[in-house]
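For reference, the structure is listed below as structure tokens.
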Amino acid sequence: MEDIFLQSVKFDGEKLYVLDQTKLPQVTEFLEITDIEDVWDAIKQLKVRGAPAIGIAAAYGLALGIKDAPESDFEAFYEYFKEKADYLATSRPTAVNLFWALKRMDARAKAENGKPVSSIKKLLIEEAHTIRQEDENVCSSIGENALSLFQDGMTVLTHCNAGGIATAKYGTALAPIYLAKERGMDIKVFADETRPLLQGARLTAWELMQAGIDVTLITDSMAAMVMQQGKVQAVIVGCDRVAANGDVANKIGTYGVALLAKAHNIPFYVAAPLSTIDLETRTGEDIPIEERAAEEITAGFGKSTAPEGVKVFNPAFDVTPHHLITAIITEKGVMRGNYSEELPHLFEN
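Sequential numbering of the sequence shown, starting at 23, is according to the numbering used here.
Structural data, given as structure tokens:
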């Protein structure tokens, strides 16, 4: 399980290995990627997905993309570098980790100005390794902080996939579940199917079963009933971006789950690495929402399920307003209350 499940993005210095999440759970296949165009495609086509994993893949992808950059002088190198970074930034608009990782790589490149370009290229690979290792540490810390909110024997509901294959290791929303398993605690999970691409069914259920965790799959429209019947004691989800006021963008359907949790007096938690917190985005209304191809709804997984020519609206994310969120769980602690005041403190030394 270590090689397949816990490391969905790996780099050996020459090739980037990406677990193709579009083929799960039927086929477990790692793509061998050697050029930046295939990294762009892997991000765009959801072969690699999950905000942290996207950031890690982008960092390694940029390192691959600049392997042939000119080494005569820094200015020529940096012009090439920026072109490749800007190209990767067009792959997906909503997950802030993509831009965060590219900014990290950019800052490192600038900081090393004055060194031979050949050395800078190696140092940028080191920076990508650091981003990956930091994410593993972050996920572990988020898991510890989230686990303090859970009790042995409880059942939680999650939406989409925020597990190990969406990050470097452990995941964000699923991190406390894995830590509980390691410590002998019994925490059960309801996993929403997550239309239209079924990340909950294909990925979350697969991950948790691989780890021997008790998981029950439900369709998105069943969440209200399991809450009404008292089968869920908490909801925990990941996120792709947190605005400065605490509004959260996550996979489409999350907002509905938050409303249901509020109606049933169930705590709704968001697991959010600091890298997903975007203080420059004032509210959720300012978060760009990616709209994807109609075929994901009308002919998902190769089978037509709707009349030909029907109009389709297919946003990939929705925004959960901050007032519906019980707590935002980060690697630095659990934030509650006035997020506009609390979130900036996370970035203070």
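Even for Gly, the Cβ is constructed at its ideal location relative to N, Cα and C.
(1) Which of the three DSSP states, helix, strand or coil, is assigned to E364?
(2) Could you give the distance in angstroms between the alpha-carbon of Y100 and the alpha-carbon of D108?
(3) Quick check: the region 233-243 against the region 298-309, are at least 3 beta-carbon pairs closer than 8 Å?
(4) Alpha carbon to alpha carbon, how far is P47 from L219? Give it in angstroms, no decimals.
(5) May I ask which residues mark the beginning and end of the beta strand (DSSP E) holding A285?
(6) Quick test of your reading: P310 and P74, contact by CB under 8 Å. State the CB separation rounded to the nearest angstrom.
(7) Determine whether the beta carbon atoms of I78 and R126 lie at a separation below 7 Å.
(8) Assuming the contact rule is C-beta atoms closer than 8 Å, F52 and L41 should be a hit. Round their C-beta distance to whole Å, please.
(9) Below 7 Å between beta carbons: does that hold for P289 and T238?
(10) Which value, in whole angstroms, describes the spacing of the CA atoms of S140 and E93?
(11) Helix, strand or coil for F27, going by three-state DSSP, please let me know.
(12) Please name the residue or residues paired with G355 in a DSSP beta bridge.
(13) For Q255, tell me which candidate among N183, G175 and R224 has the shortest Cα-Cα distance.
(14) Taking 7 Å as the cut-off, decide whether the C-beta atoms of V118 and G83 are in contact.
(15) Just curious, the alpha helix (DSSP H) that F96 is in, first and last residue?
(16) If you count every other CB in all the chains shown that lies within 10 Å of the CB of M249, and 16 or more means buried, which is it?
So, from the listed chains and residues:
(1) It is helical.
(2) In this structure, the straight-line span from the alpha carbon of Y100 to that of D108 is close to 12 Å.
(3) Note that the region 298-309 does not touch the region 233-243; fewer than 3 beta-carbon pairs, one per stretch, sit closer than 8 Å.
(4) Near 13 Å, if we compare the C-alpha coordinates of P47 and L219.
(5) No beta strand (DSSP E) contains A285, which is instead part of the alpha helix (DSSP H) from T276 to A285.
(6) With 8 Å as the limit, P310 and P74 do not qualify as a contact, their Cβ atoms being about 19 Å apart.
(7) In this structure, R126 does not lie closer than 7 Å to I78 by Cβ.
(8) About 6 Å; that satisfies the 8 Å criterion.
(9) Taking 7 Å as the Cβ cut-off, P289 and T238 do not qualify as a contacting pair.
(10) S140 and E93 have their alpha carbons spaced roughly 6 Å apart.
(11) Unreliable placement is indicated for F27, whose pLDDT of 45 sits below 50; no coordinate value is reported for it.
(12) In the DSSP assignment, G355 is bridged to T352.
(13) Distance from the Cα of Q255 is smallest, within the candidate group N183, G175 and R224, for G175.
(14) Contact check for V118 against G83 fails: the beta carbons are separated by 7 Å or more.
(15) Boundaries of the alpha helix (DSSP H) around F96: F96 to A111.
(16) When all chains shown are included, M249 counts as buried.
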